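Going letter by letter, the sequence shown gives residues 43 to 189 in our numbering. Don't be surprised by glycine CBs; every beta carbon is placed ideally from N, CA and C. For clarity, every value in this text was computed on a predicted model and none was experimentally measured. Note sheet for the following structure.
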Amino acid sequence: MVSGDLDAILAIESCSFPTPWSRGMFEEELGRDYSDAIVAQPVEGGGVAGYAVCWCIAGEAHLLNIAVDPRFRGRGVACGLLEECIRRGARCGADRIHLEVRAGNEDAIRLYRGHDFVFMGIRKGYYTDTGEDAILLSREIRERDAK
Ligand SMILES: CC(C)(COP(=O)(O)OP(=O)(O)OC[C@H]1O[C@@H](n2cnc3c(N)ncnc32)[C@H](O)[C@@H]1OP(=O)(O)O)[C@@H](O)C(=O)NCCC(=O)NCCS
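Below, the structure is given as structure tokens:
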């Protein structure tokens, strides 16, 4: 992800989340050395099909954001982004990856379950915009994930 991607990312962000991240939040991620901010580009032409932001700190990875342009959903873009985050986590020495997901976000939960994430707990009312609970999911990262 580079700053030139941010207009496209903010457009995807605003149609993907009830409380989208701001430009400043993405710019902060671009400046953090422990943050991996990545984009998937469409094969045909430039632009942004999807993106993910993942931290690697103290031997653990944390997926903070992932979204795909609605025109590119259902084609494996999020799978590719998630696998790249896991690969980068493995390469920086993380042994687990964690994330929070809205309890009603069935598409995302299916994506994570398909990648061996397991239920760790619930944070009641974590999302203050809708009052939804957060489901905490986590997955072990193995050495072979680095390949
Ligand atoms: C959740 C989200 C990121 C998933 O993105 P996506 O790119 O559509 O996901 P994928 O295509 O990788 O996988 C979704 C489905 O497509 C299937 N798929 C994978 N490759 C495919 C292909 N080549 N053709 C058709 N379907 C395919 C996957 O198997 C999966 O199917 P399943 O759900 O029945 O198991 C997307 O819906 C989104 O941006 N939502 C809004 C933001 C959001 O909620 N983010 C998560 C926050 S925790």
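Is it true that the region 80-89 meets the region 118-125, where meeting means three or more beta-carbon pairs spaced less than 8 angstroms apart?
With a cut-off of 8 angstroms, the region 118-125 and the region 80-89 count as touching, because enough Cβ pairs lie within range.
Hey, out of Tyr93, Glu142 and Gly167, whose CA is closest to arginine 155's CA?
Cα-wise, what sits closest to arginine 155 is Glu142.
Compare the Cα-Cα distances from glycine 163 to each of Asp111, Ile128, His157 and Ala145 and report the closest residue.
Nearest C-alpha to glycine 163: Ala145.
Please work out which residues of its chain come closer than 7 angstroms, Cβ to Cβ, to tyrosine 168, disregarding the five sequence neighbours upstream and downstream, and give them in chain order.
Closer than 7 angstroms at Cβ, skipping near neighbours: Glu142, Asp175 and Ala176.
Given 6 angstroms as the limit, tell me if aspartate 47 has its C-beta closer than that to any heavy atom belonging to ligand 1.
No - ligand 1 has no heavy atom lying nearer than 6 angstroms to the Cβ of aspartate 47.
Quick one: any contact between the region 124-134 and the region 84-93, if contact means 3 or more CB pairs under 8 angstroms?
No, because fewer than three Cβ pairs between the region 124-134 and the region 84-93 fall closer than 8 angstroms, the two stretches do not touch.
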